[in-house]
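Enquirer:
In my numbering, the protein residues as written are 3 to 349.
1) List the whole-angstrom C-beta distance separating residue 224 from residue 23, where the pair is believed to meet the contact cut-off of C-beta under 8 Å.
2) Would residue 252 and residue 236 be called neighbours here (beta carbons separated by less than 7 Å)?
3) What's the gap between the Cα of residue 274 and the Cα of residue 215?
4) Give every residue of the same chain whose Cβ lies closer than 7 Å to the Cβ of residue 180, excluding the five residues on either side of it in the sequence, and list them in chain order.
5) Under the rule that 16 or more other beta-carbon atoms within 10 Å means buried, what is residue 53, buried or exposed?
6) Check residue 251 in the structure and name its three-state DSSP category.
7) Figure out for me which residue from 102, 63 and 305 has the closest Cα to the Cα of residue 86.
8) Just checking my contact of residue 217 with residue 243 at CB under 8 Å: how many whole Å lie between their CB atoms?
9) At which residues does the alpha helix (DSSP H) containing residue 136 begin and terminate?
10) Measure how close the beta-carbons of residue 129 and residue 177 come, nearest whole angstrom, since I'm counting them as under 8 Å.
11) For residue 13 and residue 101, which I take to be in contact (beta-carbon distance under 8 Å), what is that distance rounded to the nearest angstrom?
12) So which of 257, 230 and 282 has the shortest CA-CA distance to residue 80?
13) Please tell me whether residue 265 and residue 232 are closer than 7 Å, where the distance is taken between their beta carbons.
14) Tell me whether residue 242, by its Cβ, gets closer than 6 Å to a heavy atom of the ligand MN.
15) Please state whether DSSP places residue 3 in a helix, a strand or coil.
16) Helix, strand or coil: how does DSSP classify residue 267 here?
17) Whole angstroms are fine: how far does the CA of residue 189 sit from the CA of residue 173?
18) At which residues does the alpha helix (DSSP H) containing residue 63 begin and terminate?
19) Are residue 72 and residue 30 closer than 7 Å when you measure CB to CB?
20) Indicate the three-state DSSP secondary structure (helix, strand or coil) for residue 306 in the structure shown.
21) Let's test the definition: count the other Cβ atoms within 10 Å of the Cβ of residue 3 and tell me whether it reaches 16, buried, or not, exposed.
22) If the criterion is Cβ atoms closer than 7 Å, does the pair residue 46 and residue 70 meet it?
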C-alpha cells in the first residue's frame, strides 16, 4: 500500500493517462497495467500496479484509488462522481488540468524561495569560515604589532567577531525555520493549519483567498459539467478546501441550498464568489448556460490565481535579495573593520 500521497504532477499524470485509456476504449485494468509498464518505476509504477490488481478484482476505479491511499480524498470523490454520472472522462480531464495548474503554481513559488535559501546556506558557510579561520588569523596578525596598535585594534576584532556570530545565528535560524516549515507542510493536518493561518494573517489573507477561490471554482465547474446538482457539489468541494474559514462558509452555503435558497444567492451571501459572478450564475441558470458560466468563472479565477502567484514571486524575490545585500554588507564589514582600524593606527 502506498503510504504517501502522490504529488500534484503525479496525480495529473494518472488522470491524463486514465482519460486517454477511456477514450481509446481500453479496459481500465489493462490501462493501469500499461501505465505501470511505461512509468519507469518509482511510486507511480507501484500505485498503478495496485490499481490494476484492485480493478481486476472487480473494484471500481474510485474504490481502487481509495484503497491505494495514494490519492487525496477530493480526487477519489470526484472520480466516484464521474463514474456514477457516466462522465468519468470529463472529470479525469478536468482533474488533470487542475493538478497541472496547482503543480505549476507550487513550482513558481518554490523556485522564488529556494534560490535565496541556497544563498543563505552558502553565506552561513562563509560566516563559519570567517569566524573560525579568518578573524582568529587577524588576531594573530594584530598581536605582532606593537602593544598600542594591538590594544587599539583588539576592540575592533571583538566587535567584528560578535557581529559575525549574530549574523551566523540569524542565518541558521532562517534555515532551521525554512526546513521545519518544509517538513511539517507535508503533514495534511499541519498543512491545513498553515493554510488557515495564512488565510487569516493580514499579509497573506488576500492571496490565500484567491487560491482557495480558484480551487472552489474549478471543482464546482467540473462537478456541474458532470451533471452533479448544486447541493451535492458543495458537499464534495469541502474535501478540497484546506482553508477552514472558507470550508465553514461552503458548509453554510450548502445548508442554505438544501433549505431551498437559490444557489446563486447562497453563494453571494457567503461571499464564495464576487457579486458579479453570482449574478452571472443566476442569469445563466435561467438561460440554460449554467455549465458555460461556471467554466468562465473557473478560468477567470485560475488566471487570477496565476497572476497572484506571479505577483507573490515578484514581491518575494526583491525582499530576499535586499536581505542578502544587507547580510553581504555586514559580512564585508566584519572583515574590513579590523583592516581599516589598523590602517588608521599605522597612518
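Cβ coordinates follow ideal geometry from the N, Cα and C atoms, glycine included. Owing to the predicted nature of the structure, the values given are computational and were not obtained by experimental measurement.
Expert: In short:
1) In the chain shown, counting from the first residue as 1, residue 224 sits at position 222. In the chain shown, counting from the first residue as 1, residue 23 sits at position 21. No, residue 224 and residue 23 are not in contact; Cβ-Cβ is about 19 Å, not under 8 Å.
2) Sequence index remark: in the chain shown, residue 252 carries index 250 (1-based). Sequence index remark: in the chain shown, residue 236 carries index 234 (1-based). For residue 252 and residue 236, yes; Cβs fall inside 7 Å.
3) Indexing the chain shown from 1 puts residue 274 at position 272. Indexing the chain shown from 1 puts residue 215 at position 213. Distance between the alpha carbons of residue 274 and residue 215: 7 Å.
4) Position 178 of the chain shown, counting from 1, holds the residue named residue 180. Excluding residues up to 5 positions away in sequence, 119 lie with their Cβ nearer than 7 Å to the Cβ of residue 180 in the same chain.
5) For the purposes of this step, residue 53 is identified with residue 51 of the chain shown, where counting begins at 1. When all chains shown are included, residue 53 counts as buried.
6) Mapped onto the chain shown, residue 251 falls at position 249. Note: residue 251 maps to helix in three-state DSSP.
7) Counting from one through the chain shown, the residue named residue 86 turns up at place 84. Selected option, being the one with the closest Cα: 63.
8) Here residue 217 corresponds to residue number 215 of the chain shown, with the count starting at 1. Here residue 243 corresponds to residue number 241 of the chain shown, with the count starting at 1. Contact between residue 217 and residue 243 holds: their C-beta atoms lie close to 6 Å from each other, under 8 Å.
9) The residue given as residue 136 occupies position 134 in the chain shown. That residue, residue 136, is in no alpha helix (DSSP H); it is neither H nor E in DSSP.
10) As a first step, residue 129 must be located in the chain shown, where it is residue number 127. As a first step, residue 177 must be located in the chain shown, where it is residue number 175. Not a contact, Cβ separation roughly 12 Å.
11) As a first step, residue 13 must be located in the chain shown, where it is residue number 11. As a first step, residue 101 must be located in the chain shown, where it is residue number 99. Sure, about 5 Å apart at Cβ, within 8 Å.
12) The count along the chain shown starts at 1 and reaches residue 80 at position 78. Checked all of 257, 230 and 282; the closest Cα to residue 80 is 230.
13) Counting from one through the chain shown, the residue named residue 265 turns up at place 263. Counting from one through the chain shown, the residue named residue 232 turns up at place 230. Closer than 7 Å, so yes.
14) Within the structure as shown, the ligand MN is missing, as the structure has no ligands at all.
15) By 1-based counting over the chain shown, the position of residue 3 is 1. Here the model assigns residue 3 a pLDDT of 43, short of 50, so the residue's position is not dependable, and the following value carries that caveat. Coil at residue 3, not helix or strand.
16) Mapped onto the chain shown, residue 267 falls at position 265. Correct three-state label for residue 267: helix.
17) Residue mapping note: residue 173 aligns to position 171 of the chain shown, counting from 1. Residue mapping note: residue 189 aligns to position 187 of the chain shown, counting from 1. Near 25 Å, if we compare the C-alpha coordinates of residue 189 and residue 173.
18) Walking along the chain shown from the start, residue 63 turns up at place 61. Residue 63 -> alpha helix (DSSP H) spans 63 to 70.
19) Here residue 72 refers to the residue found at position 70 when the chain shown is read from its first residue. Here residue 30 refers to the residue found at position 28 when the chain shown is read from its first residue. Taking 7 Å as the cut-off, the Cβ atoms of residue 72 and residue 30 do not count as close.
20) Within the chain shown, numbered from 1, the residue matching residue 306 stands at position 304. In this structure, residue 306 counts as helix in the three-state DSSP scheme.
21) Locating residue 3 in the chain shown gives position 1, where the first residue counts as 1. Residue confidence is low: residue 3 scores 43 on pLDDT, short of 50, so the model does not pin down where it sits. No coordinate-derived value is stated.
22) Numbered from 1 along the chain shown, position 44 holds the residue referred to as residue 46. Numbered from 1 along the chain shown, position 68 holds the residue referred to as residue 70. Not closer than 7 Å, so no.
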